[in-house]
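Worksheet: one structure, shown below.
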Amino acid sequence: MIAALRRIWGLMYRHFCLYRRSWPRLLELAYWPTLELLIWGFTAKFVVQGHADLPVRAAGALIGGVLLWEVALRAQMGVTISFLEEIWSRNLGHVFVSPLRPREMVFALLGVSVMRSLAGLAPAAVIAFLLYDFNVFTFGPALILFMLNLFLMGWWLALGVISLLFRYGASAEALAWTLAFGLTPVACVFYPASILPGWLRPVADALPAAHIFTGMRSALYRHVTDFSQLGIAFGLNGIWMAAAAMIFAAQFRAARRNGALVTIGE
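Numbering-wise, the sequence shown is residues -10 to 255 according to the numbering used here.
As structure tokens, this is what we get:
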């Protein structure tokens, strides 16, 4: 019995060591419960305080928020999962032995992201129409601006995740699934930024998503396209994209010098 307990403890200790040496794995333990509490806690506060004028409008804002936020999530996941496929198949080193330039790889990943996102969102839009009588084309031509902004946000988030993969290797893989979801409470997808505590509002204002979804609610409630909010979102996306591109370039150069392009999946 003692020998069996030692063997069981030995295997458990191995996993404890993984968490002790990897902050992304440790963060993931409390990540989802905290995230769910924040999202639905703020949403409940939005509904209870009567900020939603009519139940129908509140339902439209929730369904529209879900559909549009999926654009950013799918855009980010489309890039990072495609990049992880190269790591999982031990193909990343082979890719960069070829004449392929880093920017060409990035553009290829962005193209795959667009195809994956549109293929995944089309059925969701049909289901929203058939089951909930919500037509995503209610937004009119502004839908293109909403989606373009959200694609841009998903892409700079993806570049940030890839940079972390270059820096921390396989231990940062969990961030590919969780980073964009973690921004949901301050992205103001289901409620306005005024619901957030005062100290958290500047964080929301620094993200394009909060301005995009303010514009979405304006289009749903008042049937008016708020171009000022969309302009702010485009400006913030440009700033974040430039920062993410510089970090990506720096981490790629460091990974190439350190040989991490070959060993990143090990």
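Every residue gets a Cβ at the ideal spot worked out from N, C-alpha and C, and that includes glycine. Computed from a prediction, not measured in an experiment: that's the story for all the values here.
Length of the line joining the Cα atoms of residue i and residue j
i	j	result
S71	V125	28 Å
L89	L57	33 Å
A232	A97	20 Å
A243	L250	10 Å
F123	L132	14 Å
A111	L154	30 Å
L81	L99	17 Å
I151	I(-9)	45 Å
W166	A208	30 Å
W229	A199	14 Å
L137	V60	9 Å
L107	G220	24 Å
Opening and closing residue of the alpha helix (DSSP H) in which residue i lies
i	result
Y157	A131 to Y157
V192	R190 to D194
G248	That residue, G248, is in no alpha helix (DSSP H); it is neither H nor E in DSSP.
Cβ-based burial, residue i [other Cβ within 10 Å; buried from 16]
i	result
V68	buried
R206	buried
M104	exposed
C263	The structure shown has nothing for residue 263, since the chain only spans -10 to 255.
H83	exposed
G53	buried
Touching or not, the stretch 182 to 193 and the stretch 211 to 219, by the rule of three or more beta carbon pairs under 8 Å? Contact between the stretch 182 to 193 and the stretch 211 to 219 is absent: fewer than three C-beta pairs spanning the two stretches fall below 8 Å.
Could you pull out every unbroken alpha helix (DSSP H) segment of at least 4 residues lying fully inside the stretch 163 to 228, listed in chain order? For the alpha helix (DSSP H) assignment, the uninterrupted runs of no fewer than 4 residues enclosed by the stretch 163 to 228 are, from N- to C-terminal side, 173 to 176, 190 to 194 and 197 to 211.
Restricting to runs no shorter than 4 residues, where is the alpha helix (DSSP H) found entirely within the stretch 73 to 136? Counting whole runs of 4 or more residues, the stretch 73 to 136 contains the alpha helix (DSSP H) stretches 81 to 86 and 91 to 121.
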